[in-house]
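Encoded as structure tokens, the structure appears first; notes follow it.
Protein chains in written order, with the numbering used here: chain C, 20 to 603; chain Z, 20 to 603.
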């Protein structure tokens with residue numbers, strides 16, 4: 020049964036057919052919607068281009084402008100005030116990517132350490148796979164943009180997106196196969212360039228969850244993550260760093276370790292993160308004392324003059340794939356060993372560190388809850404660090420309770436300064452832990468005998484040299500007004516009292532962190548929790564366990580509700596105390 | 020160090036603290052953005068409520084209106100024309116859910132079979148867990164809404180969303196644990212009610228991928244999916260149905276099996292889907308011949324008068340969780356056995372079927388590629404169907420190539436009508452396969468001897484009774500003008516010729532389907548691929564393999580580009596033919 024052929028077809032042999040992409044030109048329009056790390060493109064339902072086959076089914080489009088291109092998930096719009104027919108809308112980060120503007124996290128536009136190094140003596144190796152041109156001028160990017168229609172009449176091309184090159188590798192992993200370095204490179208490149216949807220990112224994380232990555236695959240992933248971003252080179256043979264796998268509130272040892280080892284002369288350009296799910300990150304706490312977002316040349320001068328800094332990392336440049344993955348790991352509360360190791364070590368290597376002290380706390384409410392688990396994790400860190408030529412010393416520490424007394428930026432800054440000043444009221448556990456980690460770091464120095472590090476660190480702290488170094492850093496970075504002898508805490512507060520007598524045998528890290536966050540930390544810097552009793556203390560009924568500080572009545576009420584569910588304290592007898600076996 | 024306490028705190032024992040949800044009132048505003056199956060809430064960055072802690076970190080909010088509530092992922096907006104301070108925007112389906120409007124798929128608002136039964140003799144059991152009030156008036160939902168600001172001044176409450184109740188079960192599955200029926204019920208309820216983000220949906224699918232669900236868990240999942248939706252009861256002891264696991268283009272056997280078994284007197288109220296990723300679904304093809312979206316009472320009368328129908332399923336009501344999961348399975352190309360079995364069987368049970376013939380095609384480019392794999396899948400279908408009290412007959416068929424000649428709605432309708440008319444040019448493989456499946460279905464009749472079904476089906480077809488039944492159904496449903504002797508094919512076309520002589524030893528189902536979709540099928544109903552050579556045919560160089568029809572020049576060019584990459588045909592010798600061992 021021949022079909023009617025009104026337009027006699029040209030018979031063309033397949034090999035002679037040119038690949039003609041299905042594409043159309045549209046006016047670019049920034050849409051002021053923050054979709055986090057997923058690129059979203061908006062097309063009007065009545066748009067001629069939308070009618071074309073495939074856009075709905077594939078739901079992923081490639082948008083091109085002057086040779087740049089990005090992939091985006093398509094949302095269909097019925098409101099011409101968002102996008103009109105003939106326009107293509109892009110969500111905020113997608114618009115930035117396409118225009119070659121700097122990535123932008125929140126209202127401020129901070130300078131990262133990586134961009135610092137680009138104009139100083141440190142050398143940056145930029146992967147050729149980076150799509151984002153961070154050298155472009157970002158001054159055109161104001162909030163005006165989001166209300167300015169497509170005033171600039173930029174014309175973009177939209178076409179059906181081919182699946183990301185690494186989808187084959189993802190599907191093979193979903194089938195249970197082992198991936199090689201080339202697979203990981205392809206996956207990480209696509210992730211860093213926002214070629215994966217949230218769905219695909221989630222699939223990648225879940226299929227590499229638990230023990231689904233062997234240690235060689237974790238090395239491949241780490242290596243690929245380093246290659247996908249920028250890499251700093253400080254031109255010294257030893258660049259020391261410390262890191263904790265997290266989960267312990269109040270654990271601000273970096274602000275003690277850095278001044279101690281820098282006072283000894285080690286190069287320690289420490290970059291820290293802000294809190295993501297915790298009540299305070301090191302950058303949030305340091306910011307109470309000094310500026311942490313600094314212009315390029317200033318920060319470089321500080322590192323040159325003082326051998327250290329305590330700055331915000333602005334991580335976007337160093338391991339861009341990791342930043343994308345975190346946006347999915349967080350809502351899923353995934354923290355698989357392989358992903359943790361790759362995330363931490365890739366950022367350290369990219370930041371130019373050569374020697375790393377890694378803190379793994381163990382405790383009933385810590386991330387790691389048993390010694391065998393800690394040892395497995397330690398071996399994985401050591402294996403991958405070895406493959407990456409990063410010297411590592413893993414220290415297993417006591418994670419049964421928060422470190423120090425304050426939880427929240429201001430309260431933690433108070434604790435740190437008390438330790439540095441050798442205040443007799445300073446929390447001893449914070450001091451001891453910091454000395455232990457600093458001692459291990461000092462022993463990276465080939466001139467330091469094994470076992471001498473702790474005493475050296477103690478001498479540096481007790482002599483006031485660590486405080487002097489910290490004050491130098493504070494002044495150099497730009498000191499903020501802060502009276503740590505009488506810190507201005509958030510005005511609203513309530514006290515949590517013991518309901519009965521007994522020994523404190525447990526403090527739930529997760530619940531204490533949750534209460535502090537609900538009270539406002541770290542967004543409200545002087546909010547948080549101030550502990551008054553720690554493990555082993557015998558308390559009477561009605562005795563003060565801790566005080567909660569908040570800046571807003573609603574925050575206070577929400578923290579109260581959380582305390583009503585659980586105050587995080589367990590009372591019992593001495594025999595109920597959880598044991599923890601840590602090396603010294 | 021006591022903190023300054025300007026506002027002397029009231030000391031409240033934890034147990035006396037009331038749980039005070041952190042919530043605020045905002046004006047509801049529909050936002051005309053279609054985000055598929057993910058609810059999105061839009062808040063302006065300067066909104067007082069957004070400032071409150073937790074909204075960003077949790078990124079999931081609960082929106083309440085008159086006791087109804089929905090969960091939504093938060094997007095932050097910088098453009099007051101999308102949402103202003105004091106407003107809460109909701110994406111289209113989220114807005115409908117909150118307002119209790121009917122779910123809405125695409126511009127048309129079709130009547131589903133499930134809603135059909137609600138006012139007829141069929142009985143519907145509605146789960147109490149259904150959040151959507153589908154009885155609400157949907158006439159207020161016009162596109163006006165999306166451009167009408169928040170003119171109605173509806174005030175909603177927004178609060179931090181507690182994690183969905185089943186997140187614990189999801190995390191246990193992520194840790195590798197086995198789930199029970201209560202876990203599956205909680206998960207499916209949350210999925211059906213859109214409580215899961217795309218990230219969480221993806222995590223659920225990947226962590227239940229491959230063999231991660233044992234067969235008991237697959238039964239639990241199936242049962243939970245049935246319970247989460249509506250269930251039809253046709254008040255007869257035998258309601259027959261057929262289903263194919265998919266993946267074979269041109270496989271339109273339902274349009275032959277249904278008239279055959281209905282002519283025998285069996286009750287076969289067949290509901291079919293439209294194409295999702297294929298070039299045509301049964302509903303798309305039937306629509307060439309007759310209306311498939313019918314008012315409630317008409318469709319009921321058809322089933323009562325003719326013992327059958329061939330209608331669009333409007334699946335949203337029968338297994339709502341499945342519709343949500345498909346939105347994530349599709350982009351990931353996941354098709355795990357457990358998920359497939361639960362998806363298919365839950366819809367059949369919910370639709371009131373008691374007896375099912377299930378078609379599993381095997382072939383090198385089919386979903387199932389080996390007999391052991393087919394047998395494993397068969398056992399899983401049989402086990403779960405048994406637990407669900409659904410009689411099942413699994414038929415393993417030849418899936419080495421497309422069935423029939425036409426691929427695309429009009430071309431497939433032509434093939435079907437040729438078979439029904441006993442046209443000597445009718446594709447024999449489609450006829451034989453349909454007779455075999457119909458024969459197996461007839462053998463569900465206790466009065467039919469095992470082995471007699473095929474001959475009975477052939478007699479019904481050859482005698483013209485099947486054609487008469489089909490014509491009855493076409494007239495009853497409302498016939499569309501279609502001349503299957505000279506079908507109006509899409510005006511643009513090109514031919515694909517054999518580059519050399521040889522025997523056709525392979526036709527790639529996936530590539531043929533892709534070419535037909537790119538040519539416009541099923542959106543352009545008269546577009547597609549018309550095969551002229553099938554497996555085993557000896558062809559000469561330059562001989563016509565198939566013709567591609569398209570309605571638009573751009574579609575034609577895109578199909579050409581795909582053919583240039585691969586024309587889907589393999590030529591070789593008789594010994595190269597893939598074998599397939601199918602029972603008869």
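Here a beta-carbon is modelled for each residue, glycine too, at the ideal position from N, C-alpha and C.
Owing to the predicted nature of the structure, the values given are computational and were not obtained by experimental measurement.
* Between the region 205-229 of chain Z and chain C, which residues of the former have CB atoms less than 8 Å from a CB of the latter, in chain order? -> 216, 217, 218, 219, 220, 221, 222, 224, 225, 226, 228 and 229
* Asked: With a Cβ-Cβ cutoff of 8 Å, do residue 461 of chain C and residue 343 of chain C count as a contact?
  -> For this step, residue 461 of chain C is matched to residue 442 along the first chain. For this step, residue 343 of chain C is matched to residue 324 along the first chain. Not in contact: residue 461 of chain C and residue 343 of chain C (Cβ atoms no closer than 8 Å).
* Locate the beta strand (DSSP E) running through residue 249 of chain Z, then write down its first and last residues. => Mapped onto the second chain, residue 249 of chain Z falls at position 230. Run containing residue 249 of chain Z: 249-252, per the beta strand (DSSP E) assignment.
* Check whether the Cβ of residue 388 of chain C lies closer than 8 Å to any Cβ atom in chain Z. => If you number the first chain from 1, residue 388 of chain C lands on position 369. Chain Z, which has no Cβ nearer than 8 Å to the Cβ of residue 388 of chain C, makes this no.
* Asked: Whole-angstrom Cβ separation of residue 275 of chain Z and residue 435 of chain Z, contact assumed at under 8 Å?
  -> Residue 275 of chain Z sits at position 256 when you count from the first residue of the second chain. Residue 435 of chain Z sits at position 416 when you count from the first residue of the second chain. The pair is a contact, with the Cβ atoms about 6 Å apart (cut-off 8 Å).
* Asked: Near residue 99 of chain Z, which residues of its chain fall below 8 Å by C-beta distance, leaving aside the five closest residues on each side in sequence?
  -> As a working mapping, residue 99 of chain Z is identified with position 80 in the second chain. Answer for residue 99 of chain Z: 63, listed in chain order.
* **Length of the line joining the Cα atoms of residue 240 of chain C and residue 250 of chain C** => As a working note, residue 240 of chain C is residue 221 in the first chain. As a working note, residue 250 of chain C is residue 231 in the first chain. Taking the straight line joining both Cα atoms gives about 16 Å.
* For the putative contact between residue 61 of chain Z and residue 94 of chain Z, defined by C-beta atoms under 8 Å, what is the C-beta separation to the nearest angstrom? -> Locating residue 61 of chain Z in the second chain gives position 42, where the first residue counts as 1. Locating residue 94 of chain Z in the second chain gives position 75, where the first residue counts as 1. Right, their Cβ atoms sit about 5 Å apart.
* Partner residues on chain C for residue 120 of chain Z, Cβ-Cβ distance less than 8 Å -> Counted from its first residue, the second chain places residue 120 of chain Z at position 101. Correct list: empty, because the minimum Cβ distance to chain C is about 15 Å.
* **Contiguous beta strand (DSSP E) assignments of at least 3 residues, all confined to the region 252-289 of chain C** => 259-263
* Rounded Cβ spacing between residue 418 of chain Z and residue 363 of chain Z (contact assumed at less than 8 Å) -> Locating residue 418 of chain Z in the second chain gives position 399, counting from the first residue. Locating residue 363 of chain Z in the second chain gives position 344, counting from the first residue. Not a contact, Cβ separation roughly 16 Å.
* Neighbourhood of residue 211 of chain Z by C-beta distance below 6 Å, restricted to the same chain and skipping five residues each side -> Taking the second chain and counting its residues from 1, one reaches residue 211 of chain Z at position 192. Contacts found: 247, 339 and 340.
* For residue 172 of chain C, the three-state DSSP class (helix, strand or coil) -> In the first chain, counting from the first residue as 1, residue 172 of chain C sits at position 153. It is coil, neither helix nor strand.
* Which class does residue 365 of chain C belong to by DSSP, given the choice of helix, strand or coil? -> The residue you call residue 365 of chain C lines up with position 346 of the first chain. Helix, per DSSP.
* Asked: With 8 Å set as the bound, which would you pick, yes or no: does the beta-carbon of residue 314 of chain Z sit closer than that to a beta-carbon of chain C?
  -> Here residue 314 of chain Z refers to the residue found at position 295 when the second chain is read from its first residue. No - not a single Cβ of chain C is within 8 Å of the one on residue 314 of chain Z.
* Asked: For the region 219-236 of chain C against the region 350-362 of chain C, are there 3 or more C-beta pairs whose distance is under 8 Å?
  -> yes
* Asked: Closest by CA to residue 401 of chain C, which one among C:378, C:420 and C:197?
  -> Counting from 1 along the first chain, the entry for residue 401 of chain C is found at position 382. The shortest C-alpha separation from residue 401 of chain C is found at C:378.
* Evaluate contact between the region 271-290 of chain C and the region 384-396 of chain C, counting only Cβ atoms and requiring at least three cross-stretch pairs below 8 Å. => no
* When DSSP labels each residue in this structure, what does residue 179 of chain C get in the three-state scheme? -> For the purposes of this step, residue 179 of chain C is taken as residue 160 along the first chain, with counting starting at 1. Note: residue 179 of chain C maps to strand in three-state DSSP.
* Given that a residue counts as buried once 16 or more other Cβ atoms are within 10 Å of its Cβ, and exposed if not, what is residue 584 of chain C? -> Position 565 of the first chain, counted from the start, is the residue given in the question as residue 584 of chain C. It is exposed - the Cβ of residue 584 of chain C has fewer than 16 other Cβ atoms within 10 Å.
* Output the distance between the C-alpha atoms of residue 432 of chain C and residue 304 of chain C, rounded to the nearest integer angstrom. => Counting from 1 along the first chain, the entry for residue 432 of chain C is found at position 413. Counting from 1 along the first chain, the entry for residue 304 of chain C is found at position 285. Looking at the two C-alpha atoms, the distance is approximately 6 Å.
* Would you tell me roughly how many angstroms separate the C-alpha atoms of residue 611 of chain C and residue 489 of chain C, rounded to the nearest one? => In the structure displayed, chain C extends from 20 to 603; residue 611 of chain C sits before or after that span and is not available.
* To do: At 7 Å on the CB atoms, spell out the chain Z contacts of residue 94 of chain C, in chain order.
  => The residue labelled residue 94 of chain C in the question sits at position 75 within the first chain. Within chain Z, the residues near residue 94 of chain C are 52, 53 and 54.
* Report the three-state DSSP secondary structure of residue 577 of chain C (helix, strand or coil). => As a first step, residue 577 of chain C is located in the first chain; it is residue number 558 there, counting from the start. Helix, per DSSP.
* **Reduced DSSP category for residue 587 of chain C - H, G, I as helix; E, B as strand; rest coil** => As a first step, residue 587 of chain C is located in the first chain; it is residue number 568 there, counting from the start. Coil at residue 587 of chain C, not helix or strand.
* Measure the Cβ-Cβ separation of residue 243 of chain Z and residue 191 of chain Z and say whether it is below 8 Å. => Indexing the second chain from 1 puts residue 243 of chain Z at position 224. Indexing the second chain from 1 puts residue 191 of chain Z at position 172. No, they are not a contact pair.
* Asked: Does the beta-carbon of residue 115 of chain C have 16 or more other beta-carbons within 10 angstroms, so that it is buried, or is it exposed?
  -> Against the first chain, residue 115 of chain C aligns to sequence position 96. Burial call: buried.
* Please check the pair residue 216 of chain Z and residue 81 of chain Z, which I expect to be a contact at CB under 8 Å, by giving their CB distance rounded to whole angstroms. => Indexing the second chain from 1 puts residue 216 of chain Z at position 197. Indexing the second chain from 1 puts residue 81 of chain Z at position 62. Actually they are not in contact, since the Cβ atoms of residue 216 of chain Z and residue 81 of chain Z sit about 13 Å apart, beyond 8 Å.
* By the 10 Å Cβ neighbour count, where 16 or more other Cβ atoms means buried, how is residue 465 of chain Z classified, buried or exposed? -> Stepping through the second chain from its first residue, residue 465 of chain Z is reached at position 446. Exposed, because fewer than 16 other Cβ atoms sit within 10 Å of the Cβ of residue 465 of chain Z.
* To do: Can you grab the Cα-Cα spacing for the pair residue 607 of chain C / residue 467 of chain C, in whole Å?
  => Only positions 20 to 603 of chain C appear in this structure, which leaves residue 607 of chain C out of reach.
* Using the DSSP secondary-structure output, state which residues sit across from residue 514 of chain Z in a beta bridge. => In the second chain, residue 514 of chain Z corresponds to position 495, counting from 1. Answer is Z:566.
* Quick one: does residue 98 of chain C have its CB under 8 Å from some CB of chain Z? -> As a working mapping, residue 98 of chain C is identified with position 79 in the first chain. So yes, residue 98 of chain C belongs to the interface.
* Where residue 195 of chain C meets chain Z, residues with beta-carbon distance less than 8 Å -> Against the first chain, residue 195 of chain C aligns to sequence position 176. 229, listed in chain order.
* Span separating the alpha-carbon of residue 555 of chain Z from that of residue 407 of chain Z -> Here residue 555 of chain Z corresponds to residue number 536 of the second chain, with the count starting at 1. Here residue 407 of chain Z corresponds to residue number 388 of the second chain, with the count starting at 1. Between residue 555 of chain Z and residue 407 of chain Z, the C-alpha separation is close to 42 Å.
* Ignoring anything shorter than 4 residues or poking outside the region 431-485 of chain Z, list the alpha helix (DSSP H) runs there in chain order. => 447-461 and 472-481
* Asked: How far does the alpha helix (DSSP H) with residue 342 of chain C in it reach, from first residue to last?
  -> On the first chain, position 323 is the one that residue 342 of chain C refers to. 339-351 is the span of the alpha helix (DSSP H), which, as asked, contains residue 342 of chain C.
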